[in-house]
Amino acid sequence: MALSAAAFRRSRPLTAALCAAGASLAFGLPAHAESKVYVSSEKDNKLYVFNTAGERQGAIDVCKRPRDMSFNADGSQIYVVCGDSNAMGVVDVAGGKLAGTVPLGESPEMFDLSPDGKTAYVSVEDDSVLGAYDIATKKALFEVKTGGEPEGVLVTPDGKTAYVTSEVANVVHVIDLGTKKVTKNIKVGKRPRRFVMSPDGSELWVTNELDATVSVVDTKAHTEKQKIKFTVKGMRDADITPVGMAISPDGKSMWVGLGRANHVAEVDVASKAVKNQILVGKRAWGLGFTPDGKTLFVANGLSDDMTLIDTASGKALKTVPAGRVPHTVLVSK
1 MALSAAAFRR SRPLTAALCA AGASLAFGLP AHAESKVYVS SEKDNKLYVF
51 NTAGERQGAI DVCKRPRDMS FNADGSQIYV VCGDSNAMGV VDVAGGKLAG
101 TVPLGESPEM FDLSPDGKTA YVSVEDDSVL GAYDIATKKA LFEVKTGGEP
151 EGVLVTPDGK TAYVTSEVAN VVHVIDLGTK KVTKNIKVGK RPRRFVMSPD
201 GSELWVTNEL DATVSVVDTK AHTEKQKIKF TVKGMRDADI TPVGMAISPD
251 GKSMWVGLGR ANHVAEVDVA SKAVKNQILV GKRAWGLGFT PDGKTLFVAN
301 GLSDDMTLID TASGKALKTV PAGRVPHTVL VSK
């Protein structure tokens with residue numbers, strides 16, 4: 001669940017735009033001339049660059065085992081956490097190259113940014129901490145101890161609170177970033193992984209990898225108010241492993257990658273009902289939308305590819321190679 005901002009893109013000549021639109025329509029895909037799709041490949045140590053029709057445009061060499069990604073405020077840079085380099089790479093978007101790194105703790109995994117974009121809050125798996133890092137100075141600011149194997153990180157819009165999952169403790173930590181202390185532990189499902197906040201901020205959705213559920217947390221009471229259970233025809237519960245999520249730009253649908261079940265589920269945000277399930281690749285985790293919400297991109301970590309879904313029809317359009325062990329999908333505005 002990374003923060004993203006509108007990215008400035010140079011205008012394309014009309015003929016090039018028409019050609020791109022024609023190629024998209026040939027596959028039944030909407031054309032989004034200004035957007036790019038970035039996919040981190042854990043084994044290739046690269047970010048692969050696609051257009052929104054799923055055509056590869058290039059690759060950017062980064063640090064080792066790139067995972068979570070986010071744009072900076074103006075979209076000129078991509079921050080990418082690299083688990084085997086113990087660093088956050090800073091990618092120059094226009095130049096298409098790694099411009100620098102910020103040292104992190106041992107085996108960093110996911111992160112979120114402060115509202116002003118100056119601080120990265122990173123889950124550091126081997127150290128079992130949430131680490132805060134000043135991006136400009138590349139200095140560690142502080143750490144907050146968490147349960148074992150912290151992963152998901154979400155910072156509230158006011159910058160006062162961070163939520164962090166602990167895969168081992170089966171809780172969501174509520175961390176006061178002012179006092180730098182855990183103020184509450186919210187019991188959720190088994191092996192909680194990632195977050196998405198509802199548009200009005202009243203609900204925090206949490207994927208629970210090992211019990212095939214998503215917990216919905218009341219952010220005012222800081223208690224779990226509902227669990228959404230997933231079932232997939234022909235699949236055992238143990239193979240339904242929710243991890244990645246993405247909310248549609250209109251805020252009406254939550255899309256959940258079901259991991260080893262090789263499906264993506266669409267959930268109605270208001271009713272919490274599962275509306276649809278779509279077969280994709282193997283171990284569907286990373287998800288990202290085009291700005292208009294018409295296309296969903298799904299990174300399939302064990303089939304080394306990415307599936308494009310037409311959200312209106314609820315059908316997969318095509319699947320394209322996306323490097324070895326694709327992790328996160330990031331789409332520019």
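Take 1 as the starting number for the sequence shown in this note's numbering and just add one per residue.
All residues carry an ideal CB built from backbone N, CA and C; glycine is no exception.
Here Lys282 is not bridged, per DSSP, to any residue. The beta carbon of Ser202 is closer than 8 Å to those of Asp218, Thr219 and Lys220 in its chain, skipping five residues each way along the sequence. Boundaries of the beta strand (DSSP E) around Thr328: Pro326 to Val331. Taking 9 Å as the cut-off, the Cβ atoms of Asp74 and Leu98 do not count as close. Annotation: the continuous beta strand (DSSP E) that includes Glu266 extends over His263 to Asp268.
Of the candidates Thr311, Gly301 and Ala132, the residue whose Cα lies closest to the Cα of Pro321 is Gly301. Ala246 is positioned such that its CB atom lies closer than 9 Å to that of Val196. Note that the C-beta distance between Thr319 and Gly288 is not below 9 Å.
Put simply, the region 90-97 does not touch the region 107-120. Fewer than three CB pairs are less than 8 Å apart.
As computed with DSSP, Thr319 is found in a beta bridge with Thr307.
By the C-beta criterion, the region 125-143 is judged not to be in contact with the region 183-193, since fewer than 3 inter-stretch pairs fall below 8 Å.
By the C-beta density criterion, Glu109 is buried, having at least 16 other C-beta atoms within 10 angstroms. In the DSSP assignment, Val216 falls within the unbroken beta strand (DSSP E) covering Thr213 to Asp218. Of the other Cβ atoms in all chains shown, fewer than 16 fall within 10 Å of the Cβ of Ala312; this residue is therefore exposed.
Counted as a single uninterrupted DSSP element, the beta strand (DSSP E) harbouring Leu113 occupies residues Pro108 to Leu113. In the structure shown, Asp237 falls within a helical segment according to DSSP collapsed to helix, strand and coil.
Residue pairing from DSSP places Cys82 in a beta bridge opposite Pro66 and Ala87. For Asp176, the uninterrupted beta strand (DSSP E) run begins and ends at Val171 to Asp176, by DSSP. Using a 10 angstroms sphere on the CB of Glu42, the tally of other CB atoms reaches 16 or more, which defines it as buried.
Burial check for Arg191: the Cβ neighbour count within 10 Å reaches 16 or more, so the residue is buried. In the DSSP assignment, Ser41 falls within the beta strand (DSSP E) that extends over Val37 to Ser41. Counting C-beta atoms within 10 angstroms of its own C-beta, Glu106 has fewer than 16 neighbours from the protein chains shown and is therefore classed as exposed. Looking at Thr179, Val164, Thr101 and Ser253, the one whose alpha-carbon comes closest to that of Pro199 is Ser253.
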